[in-house]
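Number of protein chains: 2
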Amino acid sequence: MNRNTLIEQIKTKRSFLCVGLDTDINKIPRFLLEKSDPVFEFNKMIIDATHDLCVSYKINTAFYESRGIAGWQSLVATSNYIPKECLGIADAKRGDIGNTSEMYARAFFDPEASGMNFDSVTVAPYMGSDSVKPFLRFRDKWVILLALTSNEGSADFQNIKNGQNESLFESVIRTANTWADADRLMYVVGATRGEAFLTIRKHAPDNFLLVPGVGAQGGSLQDVCRYGLNRDCGLLVNSSRAIIYASGGEDFAVKAREEAMRLQKEMEVELNKFNFY
Amino acid sequence: MNRNTLIEQIKTKRSFLCVGLDTDINKIPRFLLEKSDPVFEFNKMIIDATHDLCVSYKINTAFYESRGIAGWQSLVATSNYIPKECLGIADAKRGDIGNTSEMYARAFFDPEASGMNFDSVTVAPYMGSDSVKPFLRFRDKWVILLALTSNEGSADFQNIKNGQNESLFESVIRTANTWADADRLMYVVGATRGEAFLTIRKHAPDNFLLVPGVGAQGGSLQDVCRYGLNRDCGLLVNSSRAIIYASGGEDFAVKAREEAMRLQKEMEVELNKFNFY
């Protein structure tokens, strides 16, 4: 999916919601366990119930890998069920030396090799340029690079300042922006720190930002929008647990839709404040 | 596998060789392609031919994921074929927020969840403490944390110096050593820079170091040993392509054994220089 299509989708749906499919087989309604692939059935029902309210689905690969081969089967099936008009994100946090990153890129971007055809993958920056560039060779695919994450440990290294008083996450953005433009590169920025978006936007005025940490992790959508929205919207705000586990009963998909709609409405208010049409 | 067992193995085998199973289905001998799982058959023959000469096998997960479900099947089968006396490394470069890293830990360390029971996993440090600690909760399992990698892009961020003139890779080691001791924590240090081991050993005198980059990537075993060996050996030197693709013909396992033996003999010379008995 290219940038124009993504922006069109945001305008049409009045939403920049990303639904996170961090699906834990131990947390889904028990009646699904008799299905041949309970996790895929769960995801399918979540997608059916929410796809007109969100512009993206993010699959957290860890939750699938933890179940071995069966989990990988659920992952492939789910990735192929994401509607074409929604940006599919493999939240995989990959990154390795060049020839290995190329293999990871095939895993998520090349359906002939792997059976999966995501639009984007999250990548860890620690290993530098040649660990990221192989993902950028695929047309209309995106790298979503970790910049400032939402977890407590993010302060351990991401906030280290160099001799010019620049934090590591700033160096990451400044450097990575020389590898690709905002049509191909997004950044992960945690929502737990609204004012940090000011710094991010200084270095990345045009890039889309994938924002986890609204909801279960405690960030405020209003703060994120105040500091993070740009003329193309420029935000994908993720919610996982608050949507997919809105109910633990047979009505889980209905409740997921209600929660997704609640967030979509909040997003519409923010887009209206911003005169985004 | 605990540290004492690893050191015993090194003493017994006079080797600190790690064989890297970066197995690409497009590079293995064609006669294997008629097997039901060609990559596993290849790995099995490599392991059968080399397990008395090495103390570890490193599986690069990217090469398996690139083949989707079939690749994940080869990964699980291979992981279970690694002999108990060899340290099994999932070279997966994972790392995410706490509850997600816990899922990755289950993927590689919990056979009841995932079918895999590796001894160790490589982890990327960018997200900090809570992204690493879940892997450390598993008894007798190791985290192998990226410190100074062997690729060109490693200089982009790993060499950034803070206000106290400390490079990021030094901060990573100094900080991570407060999370676990040298019985549970190793570091990845690229062999392309022999003298860098002096700096590493200043911060990590006791930790084992996993050293890629000897052979295809151009590092010298003698330099690595001069600066990197410690009283417990403290090194695992990986070779992947030079061993597994030593021949492209039906004699690939025989030639792999010859190359592994050549490296083991070189290692024995270095251990003797160091009076390591």
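Protein chains in written order, with the UniProt record's numbering: chain A, 1 to 277; chain B, 1 to 277.
Even for Gly, the Cβ is constructed at its ideal location relative to N, Cα and C.
| Item | Value |
| --- | --- |
| Burial state of leucine 198 of chain B (16 or more Cβ within 10 Å) | exposed |
| Distance between arginine 106 of chain A and asparagine 2 of chain A (C-alpha atoms, nearest Å) | 19 Å |
| Nearest to leucine 136 of chain B (by Cα), restricted to the options B/Asn272, B/Ala180, B/Arg241, B/Met267 | B/Ala180 |
| Straight-line gap, tyrosine 57 of chain B to lysine 35 of chain A (C-alpha atoms, nearest Å) | 37 Å |
| Test: arginine 184 of chain A CB closer than 8 Å to a CB of chain B | no |
| According to DSSP, residues forming a beta bridge with methionine 261 of chain B | Bridge partners of methionine 261 of chain B: none, in fact. |
| Alpha-carbon spacing of glycine 68 of chain A relative to isoleucine 59 of chain A, whole angstroms | 16 Å |
| Inside the stretch 58-91 of chain A only - alpha helix (DSSP H) runs reaching at least 4 residues | 61-65, 68-81 |
| C-alpha gap between alanine 124 of chain A and asparagine 117 of chain A, whole angstroms | 20 Å |
| Uninterrupted alpha helix (DSSP H) stretches inside the stretch 206-232 of chain B (no shorter than 4 residues) | 221-228 |
| Chain B within 8 Å of tyrosine 104 of chain A, Cβ atoms only | yes |
| Cβ-Cβ distance between tyrosine 64 of chain A and leucine 53 of chain A below 8 Å | no |
| Distance between beta carbons of arginine 14 of chain B and glutamate 259 of chain B, contact taken as under 8 Å | In fact, because the Cβ distance is near 17 Å, the residues do not count as touching under 8 Å. |
| Three or more C-beta pairs below 8 Å linking the stretch 27-46 of chain B and the stretch 158-166 of chain B | no |
| Buried or exposed by the 16-neighbour rule on C-beta atoms within 10 Å, applied to valine 254 of chain B | exposed |
| Chain-ordered residues of the stretch 39-60 of chain B with a beta carbon less than 7 Å from chain A | Asn60 |
| Inter-residue spacing [alpha-carbon to alpha-carbon] between residue 281 of chain A and arginine 257 of chain A | Coverage of chain A is limited to positions 1 through 277, which leaves residue 281 of chain A absent and any answer about it impossible. |
| Spatial neighbours of residue 286 of chain B in its chain, beta-carbon cut-off 8 Å, leaving aside the 5 residues before and after | This structure gives no information on residue 286 of chain B, because the portion of chain B shown stretches from 1 to 277. |
| Valine 132 of chain B, enclosing alpha helix (DSSP H) - first and last residue | 129-136 |
| Residue-chain proximity (glutamine 158 of chain A, chain B), Cβ-Cβ < 8 Å | yes |
| Alpha-carbon spacing of valine 19 of chain A relative to leucine 210 of chain A, whole angstroms | 11 Å |
| Closer than 7 Å: glycine 249 of chain B CB and nearest the ligand NAP heavy atom | Within the structure as shown, the ligand NAP is missing, as the structure has no ligands at all. |
| Beta-carbon proximity of glycine 228 of chain A to phenylalanine 208 of chain A, cut-off 8 Å | no |
| Asparagine 151 of chain B classed as buried or exposed, judged by whether at least 16 other C-beta atoms fall within 10 angstroms | buried |
| Three-state secondary structure assigned by DSSP to isoleucine 244 of chain A | helix |
| Cβ separation of valine 189 of chain B and leucine 148 of chain B, assumed to be a contact under 8 Å, to the nearest whole Å | 5 Å |
| Range of the contiguous beta strand (DSSP E) that encloses valine 55 of chain B | Valine 55 of chain B -> no beta strand (DSSP E), and no H or E assigned at all. |
| Under 9 Å from the C-beta of lysine 27 of chain A: neighbouring residues of chain B | By Cβ distance, chain B contributes nothing, its closest Cβ being about 11 Å from lysine 27 of chain A, past 9 Å. |
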